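In the UniProt record's numbering, the protein residues as written are 1 to 159. Even glycine gets a Cβ: it sits at the ideal position worked out from N, Cα and C. For clarity, every value in this text was computed on a predicted model and none was experimentally measured. Input: a single structure, listed below in structure tokens.
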């Protein structure tokens with residue numbers, strides 16, 4: 001199962017975190033999806049910046065050459081929320097009522113915040129994600145990474 005006759009399809013978005021040394025020299029064909037473009041200069045700079053802020057030396061060090069998909073999702077989620085909130089703050093005077101556990105009070109700026117979040121089109125890590133007008137439809141753009149013996153990193157962009 002470790003030779004050229006087999007083709008593996010990896011269903012993880014964290015292909016860079018796997019140890020594929022055993023497959024590398026046995027001419028195994030492999031395909032994986034990649035949603036974080038680690039070859040992008042902006043992503044490389046962002047990863048270097050993140051790795052500088054590691055304060056706990058007892059945990060596994062942050063690798064500045066890749067990021068797991070889960071961490072990238074979290075980073076981009078906070079980024080999109082911050083951009084939406086900043087845009088709302090710049091365009092409206094925010095009046096946030098006190099929080100109460102006993103009474104239900106809705107916030108008038110909630111719908112505007114959702115609209116500003118949906119308008120964000122740039123994500124620090126992910127290749128491209130575009131929200132559509134329909135709430136159940138999101139256009140996703142990602143790379144398919146083919147790992148062949150003679151062409152180790154051929155990328156195709158899927159729209």
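What does the alpha-carbon distance come out to for the pair residue i and residue j?
i           : j           : result
residue 37  : residue 48  : 15 Å
residue 89  : residue 83  : 10 Å
residue 9   : residue 42  : 28 Å
residue 113 : residue 121 : 15 Å
residue 29  : residue 6   : 6 Å
residue 68  : residue 101 : 37 Å
residue 137 : residue 31  : Because the pLDDT of residue 137 is 46, which lies under 50, any placement of that residue in the model is unreliable, and the question is left without a value.
residue 94  : residue 40  : 36 Å
residue 19  : residue 116 : 40 Å
residue 158 : residue 35  : Any reading at residue 158 needs caution, since the residue's pLDDT is 45, under 50, leaving its predicted position unreliable; the model's value is listed next. C-alpha separation (whole angstroms): 11 Å.
residue 103 : residue 44  : 47 Å
residue 99  : residue 107 : 10 Å
residue 96  : residue 105 : 10 Å
residue 21  : residue 81  : 39 Å
residue 11  : residue 85  : 34 Å
residue 23  : residue 55  : 35 Å
To the nearest whole angstrom, what separates the beta carbons of residue i and residue j, a pair I think is in contact under 8 Å?
i          : j           : result
residue 13 : residue 33  : 6 Å
residue 16 : residue 66  : 4 Å
residue 92 : residue 109 : 6 Å
Relative to the C-alpha of residue i, which residue among the options is closest?
i           : options          : result
residue 73  : 20, 21, 124      : 124
residue 119 : 23, 87, 70, 20   : 87
residue 4   : 106, 26, 104, 51 : 26
residue 50  : 98, 35, 71       : 71
residue 46  : 105, 20, 97, 76  : 76
Could you give the uninterrupted runs of the beta strand (DSSP E) lying entirely in the UniProt domain "Receptor ligand binding region" (1 to 138), keeping only those of 3 residues or more?
-> 7 to 10, 29 to 34, 128 to 131
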